[in-house]
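To start, the structure under review is shown below, and the notes come after it.
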Amino acid sequence: MSVSPLPVKSVRTSSRGAGASKTPQKGQQTKAAIVEAALGLATHIGLEGLSIGALAEVMRMSKSGVFSHFGSREELQISVIREYHARFEDEVFAPALKQPRGLPRLQAMFANWMNRTSVEIDSGCIYISGAVEFDDRPGPVRDALADSVRTWLAAMHRAVVQASEAGHLYPDADAQQVAFEIHGLILALHYEARFLKTPDSIARARTGFANILARYGGTAASTPEPKKVLPKPSKPSPSTPA
1 MSVSPLPVKS VRTSSRGAGA SKTPQKGQQT KAAIVEAALG LATHIGLEGL
51 SIGALAEVMR MSKSGVFSHF GSREELQISV IREYHARFED EVFAPALKQP
101 RGLPRLQAMF ANWMNRTSVE IDSGCIYISG AVEFDDRPGP VRDALADSVR
151 TWLAAMHRAV VQASEAGHLY PDADAQQVAF EIHGLILALH YEARFLKTPD
201 SIARARTGFA NILARYGGTA ASTPEPKKVL PKPSKPSPST PA
């Protein structure tokens with residue numbers, strides 16, 4: 001079973017026709033710069049805090065100039081979600097695919113996720129803050145955010161399944177439960193470290209992950225690497241030439 005790339009594309013990569021220039025058009029560059037600025041704002045003030053006026057001020061553009069690239073505040077928010085998702089993919093998901101299937105890949109995904117969460121303790125996570133803002137507000141923005149999170153969690157679930165198939169987790173391990181518990185660790189880490197300022201939150205999250213593997217793990221996950229012991233030199237047998 002393969003772990004397919006996350007499907008949402010960043011504004012950094014846009015499709016072009018056969019006759020289009022290799023150099024991005026000025027409009028594409030401007031839109032990318034606006035999304036970059038919007039993402040920076042959203043990590044601190046949330047998606048709901050974004051406004052065409054605030055971005056126009058940051059970009060030193062007119063409101064109509066910013067608006068022309070998106071058409072609505074809603075489309076701006078969706079563009080920010082897609083860009084955040086693309087960066088999450090680049091930093092967390094893609095590097096983990098370089099590891100062998102099974103426990104090494106699952107561990108890499110969690111480690112990369114932990115690293116990103118550690119950075120976002122000071123700024124904020126669009127996935128988490130967005131869920132709070134849009135949990136009871138149906139619409140395209142909520143759909144885009146939920147789809148991005150589901151895509152990532154599906155990739156984590158596939159990694160757990162592959163670890164079980166490789167014999168690194170017990171064959172009867174509930175992959176959905178394992179993925180659920182791993183997701184719960186990240187949410188707890190973000191809440192404890194960012195909101196409660198609890199010391200050693202990162203270390204506790206790592207311990208929690210090790211405990212999950214210990215409960216669901218097979219030999220490769222739960223058995224420590226044996227120490228290498230050099231064999232004692234043996235005397236040659238009478239029938240063996242010295």
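For reference, each letter of the sequence shown is one residue, going 1 to 242 in UniProt numbering.
We put the beta carbon where it would ideally sit given N, CA and C, even for glycine.
Taking C-alpha atoms, which residue in Glu57, Phe67, Gly40 and Ile212 lies nearest to Lys31?
Phe67
Taking DSSP's pairing of strands, which residues face Gly53 in a bridge?
According to DSSP, Gly53 bridges with nothing at all.
For Ser72 and Arg158, the rounded distance between their alpha carbons
36 Å
Just verifying my parser: in three-state terms, what is the DSSP assignment at Leu169?
strand
Please look up how many angstroms separate the CB atoms of Ala163 and Gly102, rounded, as I've assumed it's under 8 Å.
5 Å
Give me, in chain order, the residues of the same chain whose beta-carbon lies closer than 6 Å to that of Thr43; leave out the 5 immediate sequence neighbours on both sides.
Ser123 and Gly124
Just verifying my parser: in three-state terms, what is the DSSP assignment at Gly40?
helix
Residue from Gly53, Lys63 and His69 with nearest C-alpha to Lys26
His69
Three Cβ pairs or more, each shorter than 8 Å: is that satisfied between the stretch 135-144 and the stretch 51-61?
no
Any idea if residue 250 is buried or exposed, counting beta-carbon neighbours within 10 angstroms, 16 or more meaning buried?
The requested residue 250 does not occur in the structure, where the chain is confined to residues 1 to 242.
Are the stretch 184-197 and the stretch 113-123 touching by the rule of at least three beta carbon pairs closer than 8 Å?
yes
Does Arg137 pass the burial test, meaning 16 or more other C-beta atoms within 10 Å, or should it be called exposed?
exposed
C-alpha distance - Leu50 paired with Leu169, whole-angstrom precision:
44 Å
Below 8 Å between beta carbons: does that hold for Ile202 and Leu189?
yes
Measuring only the C-alpha atoms, how far is Asn211 from Pro95?
24 Å
For Leu39, tell me which candidate among Leu55, Met114 and Gly217 has the shortest Cα-Cα distance.
Leu55
Is there at least one non-hydrogen atom of the ligand SAH closer than 7 Å to the beta-carbon of Val149?
Although the ligand SAH was asked about, the structure shown includes no ligands whatsoever.
Segment limits, alpha helix (DSSP H) that includes Ser183
With the sequence shown as reference, residue 183 is identified as His, and Ser is not the correct amino acid for it. Taken as a continuous stretch (DSSP letters only), the alpha helix (DSSP H) holding His183 covers Ala175 to His190.
Comparing C-alpha positions only, which one of Ala205, Ala33, Arg204 and Met109 sits nearest to Ala154?
Met109
Sub-8 Å separation of Ala179 and Val160 beta-carbons:
yes
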